[in-house]
Amino acid sequence: MTLEKVIRVIGYYSDASYIERVIATFRKLLIDVEWIWGRRINNVYEIYLGVKEHPNLKLAILNLSKTVGVESVELLIDAKVEKYIYINGDFKKIDKTTNENINNSIIKYFTIYIPIYTRVAGYRWGEKYGEDI
Numbered sequence: 001m002t003l004e005k006v007i008r009v010i011g012y013y014s015d016a017s018y019i020e021r022v023i024a025t026f027r028k029l030l031i032d033v034e035w036i037w038g039r040r041i042n043n044v045y046e047i048y049l050g051v052k053e054h055p056n057l058k059l060a061i062l063n064l065s066k067t068v069g070v071e072s073v074e075l076l077i078d079a080k081v082e083k084y085i086y087i088n089g090d091f092k093k094i095d096k097t098t099n100e101n102i103n104n105s106i107i108k109y110f111t112i113y114i115p116i117y118t119r120v121a122g123y124r125w126g127e128k129y130g131e132d133i
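Mapping to my numbering: the sequence shown position 91 is 91, numbers consecutive.
So this is what it looks like as structure tokens:
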């Protein structure tokens, strides 16, 4: 279980400053971004953020949902972050028992964290859909 909140931002690519605008929305309200993971599919960015719990978090999500180029902002309510590593051309899930058997020098080469979730509360242009935050 993670102590931070996991947020998914989906938006359209217009220029290289898209990721900077997303991060700046949280930093303006003094919210720390612990990690970021994303991918680009055609002209759509899907960005996952790990942010610390903060009193201004709901306001930051509302502000981000009204930003030009951002299609939706979703809070992944029950998100758990799972660790995967790339070994010999394949991704393998790492848990506590597997982590002890793998050499630490392999893990530092390529590790990704993927959020797993079942409940979503989201905003589009300031209007809520899904569950309440």
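Don't be surprised by glycine CBs; every beta carbon is placed ideally from N, CA and C.
For residue i, write down the residues that DSSP places opposite it in a beta bridge.
i    : result
T118 : The partner list for T118 (beta bridge, DSSP) is empty, contrary to what the question assumes.
F91  : Y86
G126 : Its beta-bridge partners do not exist; DSSP assigns none.
Tell me whether residue i is buried or exposed, calling it buried when 16 or more other Cβ atoms sit within 10 Å of its Cβ.
i    : result
Y18  : buried
V22  : buried
Y48  : buried
Y123 : buried
F26  : buried
For the ligand GTP, I want to know if residue i counts as a neighbour, meaning its beta carbon is within less than 7 Å of at least one of the ligand's heavy atoms.
i   : result
N56 : Only the bare structure without any ligand can be found here, which leaves the ligand GTP out of the picture.
Between residue i and residue j, what straight-line distance do the alpha-carbon atoms span, to the nearest angstrom?
i    : j    : result
R119 : A60  : 20 Å
P115 : R8   : 10 Å
G69  : I41  : 15 Å
G38  : A16  : 14 Å
V44  : Y13  : 6 Å
M1   : L29  : Confidence at M1 is low in this model, with a pLDDT of 43, below 50, so the placement of that residue should be treated as unreliable; the coordinate-derived value is given next. Going from the Cα of M1 to the Cα of L29 covers about 25 Å.
L72  : K92  : Residue identity check: residue 72 is Ser in the sequence provided, not Leu. So the two alpha carbons sit approximately 30 Å from each other.
G130 : Y113 : 25 Å
D95  : I85  : 11 Å
E20  : V33  : 12 Å
V81  : E46  : 16 Å
Verify whether the separation of the beta carbon atoms of residue i and residue j is less than 8 Å.
i   : j    : result
K83 : V51  : no
D78 : Y117 : yes
L75 : A24  : no
N63 : I31  : no
S65 : G11  : no
Secondary structure, beta strand (DSSP E): runs of 3+ residues fully inside the stretch 2-86 | Runs found: 5-12, 33-41, 44-51, 70-76.
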